[in-house]
Structure formats: structure tokens, C-alpha cells
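Working notes, beginning with the structure itself.
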Amino acid sequence: MAENLEKQEIKDIGDTLLEIAMYLLVSGASTGRVRTTVERISANFSFNTYILISQRTILLNMYDGDNDCVFNGLKRTPPHHVNFTMISGISRLSWFVVNEDWGIGKIKEELARVKQLAHYPRLVTLVLTGLAGAAFCRLAGGGPLEMGVVFIASTIGLFIRQETTKLNFNPYLCIYFAAFTASMIAAGFIKLDVAKIHEPAFATSVLFLIPGVPLINAFSDLIDGNLNNGLIRGINGFIISFTIALGLLTSMAILHI
Amino acid sequence: MEWLLIFEKGIWFGLAAMGFAVLFNVPTRTLAPIFIMGAFGGLTKAIMLHYEINVIGASFAGATLIGFISIFFAHEKHAPPPIFAIPAVIPMVPGIFAYRMMIGLISLAGKIDNTAYTRIMSETTNNGLKVMFILMGLATGVGLPMLITRKDSAKDLRFKRNRKVTG
Chain Z
1 MAENLEKQEI KDIGDTLLEI AMYLLVSGAS TGRVRTTVER ISANFSFNTY ILISQRTILL
61 NMYDGDNDCV FNGLKRTPPH HVNFTMISGI SRLSWFVVNE DWGIGKIKEE LARVKQLAHY
121 PRLVTLVLTG LAGAAFCRLA GGGPLEMGVV FIASTIGLFI RQETTKLNFN PYLCIYFAAF
181 TASMIAAGFI KLDVAKIHEP AFATSVLFLI PGVPLINAFS DLIDGNLNNG LIRGINGFII
241 SFTIALGLLT SMAILHI
Chain B
1 MEWLLIFEKG IWFGLAAMGF AVLFNVPTRT LAPIFIMGAF GGLTKAIMLH YEINVIGASF
61 AGATLIGFIS IFFAHEKHAP PPIFAIPAVI PMVPGIFAYR MMIGLISLAG KIDNTAYTRI
121 MSETTNNGLK VMFILMGLAT GVGLPMLITR KDSAKDLRFK RNRKVTG
């Protein structure tokens, strides 16, 4: 199949594969998943694809049946932002390519459609995250009052995170602002003596920020043998946890909790 | 009464999982399965903790259950297993331990006398190691169905017939 392809078409395939790898990576897929998906799609065009994945850049080489390099490309990725609808959409796309033998035009069409899929309404995200925070508080041993406090703190904290992200602050700084706001609100309520059980209310007010995806992906990468990526994701998760702790510490210092 | 409290926890685990699912922007059709998986995984952990099994083992067991259910739902709802599994295990991420470890680390860096240093150091190490091992347990548990069947993709777990690889 590869022999019949025009140069332009090969370049098109390579660019699309790079784009797919980039979207998977920034949406929170593990390194193994990115590699499998890209190889699955390119195998359908009879190309061997080798890919080097790092946190902020992706390098991709494509070889045809005669083992000649027909495409190589390097792409810089935007900051990571977890989006599972994207991963699910691209995974389905890759199976359509295999099972229904999709051409490059159709892949690009589907990719454009997946990119446009809507996010949840902002209010729904805010309220459900608040509820998740309240649930965490309950699990850590808080009562209804503490849950209410954490609900308010988490909701406003996430709101601050979204707003600061829109203002293009450094991602870690956004998390710091959110952690600081949320813990400040929780600490304020504790100071006013609304929340009687202190540790759960204070500690769980920032739990909506925990870097679950980086940390779990870090270990899945390590198990998979992608040690480089695993370590880097782990460090990323650690920095995020550290930033959250700094936010907590600032409000502890201000309010003397 | 005691059991009622444990089962109540299931609801909170499910709710926390669903909150994170929305935060991660999962497809709408996967929300209900994530609630169920989060609840059952969390319940497994809570019940094992009730029988005084180590928190690391309990988290691993809960994550393993989630890993296996995620394969079922992946076929049912046509989405990759991690989409279900990651939000469902997030409520089991040891947030409180991580919080105590971080606070410990930061106070170790401050002005501190020798006896307090030893005490805080041992607490911090204990909490930090718990965090690390629980996270490892969660990741391994979720990936276990793939690891023991030696498959790259969950799709192959159902389609037993040999598919011809194109190319």
C-alpha cells in the first residue's frame, strides 16, 4: 500500500500521527497507550513507526516496507490538561481504522470531531468537584458541618484554578492559588469554630487538586518499563503535591491554625 | 450499625470518583459505571480495613477489583479501561497520608530540636512510604488484568479468534 502513496499523503499521515500522539499525551494517557495507538494506526498503512515520547516533545519516525525512512517529525506539546473524552475518542478512532480500513481523510475528519466534543458545563464541574471534596471529608471522618465547609472550599478553589489557568499563569502557580484559597476558606471556618473536627476539614479541602493522573500514570509507566517517562511524571506529581502543601502552609501561617 | 457505616462509605467513594470523572471530562456514558466501580472498590478497601488488613493490601485489593470490572465496562461502553479505572481509584489515593508527609517534610526543614526531629522524621518516613506503596498498589491493581493476560489492548481480551494484522 505504501508504494502507491503520494509524498504529500505520507506527510499527511505522519503529521496526523504526531498530532494524535500529542493529544493522547496531554490528555493523560500512559506512554504505553500512546505508543500502542500510534503503532496500531500506522500498521494499517503498512508503515513501521518508532516514537520517542517525553513530557514536552514527541519524536516520530516512519519507515516503509523497504525500511526506508519516509517521514520524521518532532512536535512540541502544549501544557498537559487531563481530558478523557479525547482519549476515548482517539481509541475508538484507532479501532475504526483497523476494522473498517479508514483512509487518512476520514481519520482527520474524526479527529476534528473528537477535538470539538463539548466539556461538561462549568457549573456541573464545580458542583460535582465540591461534592467529591465533601465525600473525601466524610471518608476522612468529618461530620455534616465539615462536609459543608469542604464543599464550599473545594468549589471556590476549583473556580480560582480555572480562572488563573485562563490568565495563563504557570500551571504549578495555578494549583498554589487554588490550594491557598481552598485551605484559607476551610481555615476561616475553623477559626470561626464552625467546623469542630479540624484535621479532616482542613486537609480534605485541597484534595480535589491531588495529581491522581500523573501519579498513577507514573507507576504504570514504571511497571511498563518506560522508566524515563515514569520518573518524570512522578516528579511532576511530587511538585504538584509540594505546591498544594505550600498553599496549605501559607494559610496555616496566616491564620495560625 | 457498624456495617451500615461501612456501606455508607461506598456511596461517598462513588461520589468522589464521579466528581473526579467530571473533572477529567469523561464521556457521559461512562459516569454511571465509574460511580459503581468507585463504590465497590472503596467498599472492598473499607471492609478489609475493618478486618484489620494493612491499608496497602486493602488498597491493592480494591484497585484489582476495579481493574477487572473496568475490562467488563470497557467492552460494554466502548471506551478504554483506564477511562473507568483512573477516576474510580482516585478516592483511594492516600490524600491524608500525603498531606501529613508534606507537612512533616516542611517542618523538618525548619528550626527544630533533636528529639522532635527524630519523632517527626520517623512519622514522615512512615507516611511517605505508605503513600508510595499505596500508589504502587493502585497502579499495579488497575493494570493487573493486562499484566496477567499479557495483552496490550483490552479489545483482545474478548476477541479470542486470531485477527490478521494488516501490514
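Sequence order for the protein chains is Z and B.
Mind the numbering: the first sequence is residues 1 to 257 in full-length UniProt numbering, read in order.
Mind the numbering: the second sequence is residues 1 to 167 in full-length UniProt numbering, read in order.
Ideal Cβ positions, reconstructed from N, Cα and C, are used throughout, including at glycine.
For A253(Z), no Cβ of chain B is located within less than 8 Å of the residue's own Cβ. Of the residues E2(B), L43(B), W3(B), L4(B), the one whose Cα lies closest to the Cα of L15(B) is L43(B).
Distance from A203(Z) to I244(Z) at the Cβ level is roughly 10 Å; contact not present, criterion being Cβ atoms closer than 8 Å. With a 10 Å radius around the Cβ and a threshold of 16 neighbouring Cβ atoms, C69(Z) comes out exposed.
K151(B) and T36(Z) have their C-alpha atoms roughly 11 Å apart.
The CB of I66(B) never comes closer than 9 Å to any CB in chain Z; the least such distance is about 11 Å. Against chain B, the CB of Y63(Z) has no partner CB under 8 Å away; the residue lies outside that interface. Check the Cα spacing between K191(Z) and each of G247(Z), F159(Z), I257(Z): the tightest is with I257(Z). The beta-carbon of F96(Z) is placed no less than 8 Å from the nearest beta-carbon of chain B. Boundaries of the alpha helix (DSSP H) harbouring M147(Z): 144-166, taken from the DSSP string.
DSSP places L59(Z) in the strand class (E or B) of the three-state scheme.
Annotation: Cβ neighbours of W12(B) in chain Z (cutoff 7 Å, chain order): A135, R138, L139. When 8 Å is used as the limit between beta carbons, P80(B) is near these residues of chain Z: R33, I87, S88, S91, in chain order. The shortest C-alpha to C-alpha distance from M146(B) to any of G67(B), D113(B), P33(B), N25(B) is the one to G67(B). Here G133(Z) is near F151(Z), since their CB atoms are less than 8 Å apart. I90(Z) and A85(B) have their C-alpha atoms spaced approximately 18 Å apart. The alpha helix (DSSP H) runs of length 4 or more contained entirely in the segment 160-204 of chain Z are, from start to end of the chain, 171-191, 198-204.
In this chain, the alpha helix (DSSP H) harbouring I11(B) covers 2-23. Look at Y117(B): its C-beta is not under 8 Å from any C-beta on chain Z. A distance of 8 Å or more separates the beta carbons of P27(B) and T165(Z).
In the structure shown, L117(Z) falls within a coil segment according to DSSP collapsed to helix, strand and coil.
For L49(B), there are no C-beta contacts with chain Z under 9 Å, since the nearest C-beta of that chain is about 11 Å from it. In this structure, I41(Z) sits away from L18(Z), with a CB-CB distance that is not shorter than 8 Å. V55(B) places its beta carbon 8 Å or farther from that of I216(Z). Between the beta-carbon of L93(Z) and that of V114(Z) there is about 7 Å, and that keeps the pair under the 8 Å contact cut. Between the segment 91-101 of chain B and the segment 129-149 of chain B there are three or more C-beta pairs closer than 8 Å, enough to call the two in contact. With a threshold of 8 Å between beta carbons, L135(B) makes contact with chain Z. Per the DSSP secondary-structure output, K7(Z) pairs with nothing in a beta bridge.
By the neighbour-count criterion, in which a residue is buried when 16 or more other Cβ atoms sit within 10 angstroms of its Cβ, G157(Z) is buried.
Within the segment 210-229 of chain Z, the residues whose Cβ lies closer than 7 Å to some Cβ of chain B are I210, G212, V213, L215, I216, F219, S220, I223, listed in chain order.
Residues G42, L43, A46 of the same chain have their beta carbon placed closer than 8 Å to that of K9(B), with the five preceding and five following residues left out of the count.
Per DSSP, the beta-bridge partners of Y50(Z) are N61(Z).
Secondary structure of R76(Z) (DSSP, three-state): strand.
Contact with chain B is absent for N236(Z), since none of that chain's Cβ atoms lies less than 8 Å from the residue's Cβ. Excluding the 5 residues flanking it on each side, L145(Z) has same chain C-beta neighbours closer than 8 Å at V194, A195, K196, in chain order.
Taken through DSSP and simplified to helix, strand or coil, F45(Z) comes out as coil.
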